Amino acid sequence: MKKNDYILAAFIFLFAGLLSAIIFVSGNERGNFVTVTVDKKVYGTYSLSENQDIEIDTEFGHNVLHIENGSVSMTEADCPDGYCKRQGEISTEKEAIVCLPHKLIVEIESADEQNEEDYDFLVR
Ligand SMILES: [Zn+2]
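Note that the sequence shown ends on residue 124 in the working numbering; no numbers are left out.
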C-alpha cells in the first residue's frame, strides 16, 4: 500500500466509526422531544420530559397537543375528520400523529440539540 492508501483507509475507518457512533446515539428508542411541522415548516419543538398542553393555531386550523409522562396525544382539533384525535398516544422515536386537513405532523425524535450541533460540526 502507498502512503495515500493508508491515509484513505484511516479516513474510511474514522468515518465508519463516526457513522456507527451517530447511529448508536440516534438509535435510542425513547424519544425525548417532539417536532411539530405545519405545511412542511417547523412550527416548534417541545420537550417530552415536561407535562404540557401545546396550542397550535395556524391558518389551517386549531389543534391542542397534550404531553404527559413522555407520551404525546392530540386532545383537541377542529379538523373535519377528527382522525388525528383517534391516533392515540405516541411515545417512541419516529412515531407520528398526522392531521392531514391542517397539514400538521407531530413527530417524536430522540436526538437533542447538542447532538445536532456536534453532527453539523463534524459534517462541515
Ligand atoms: Zn385532525
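Every residue gets a Cβ at the ideal spot worked out from N, C-alpha and C, and that includes glycine.
Predicted model only: the values in this text are computed from it and were never measured.
Who are the near neighbours of residue i in its chain, counting only those whose CB is closer than 7 Å to its CB and skipping five residues on each side?
i	result
E55	V64
Here's a check: name, in chain order, each residue in its chain whose Cβ is nearer than 6 Å to the Cβ of residue i, leaving out the five neighbours to either side.
i	result
T45	F33 and T35
Would residue i pass as a contact of residue j if the rule is Cβ separation under 8 Å?
i	j	result
D39	H62	no
G125	S91	Residue 125 falls outside the range modelled here, since the chain spans only 1 to 124, and no answer is possible.
I67	Q87	no
S71	E93	no
Please name the residue, chosen from the options, that lies closest to residue i on a Cα-to-Cα basis.
i	options	result
V106	K41, A10 and N69	K41
Y83	T75, C99 and E68	C99
G59	Y43, F11 and N69	Correcting the residue type first, residue 59 is Glu in the shown sequence and not Gly. It is Y43.
S73	I97, D57 and E50	I97
I108	P101, T37 and D81	T37
H102	N69, N4 and D57	D57
In its own chain, which residues sit with a C-beta less than 8 Å from the C-beta of residue i, not counting the 5 before and 5 after it?
i	result
E76	H62, N63, V64 and K85
E50	I67
Requested in this report: Closer than 5 Å is what we want: which residues have a beta carbon that near any heavy atom of ligand 1? List them in chain order.
Outcome: A77, C79, C84 and C99
Query raised in the report: Which runs of the beta strand (DSSP E) fall wholly inside the segment 48-117 and span at least 3 residues, in chain order?
Result: 52-58, 61-68, 71-77, 96-99 and 104-109
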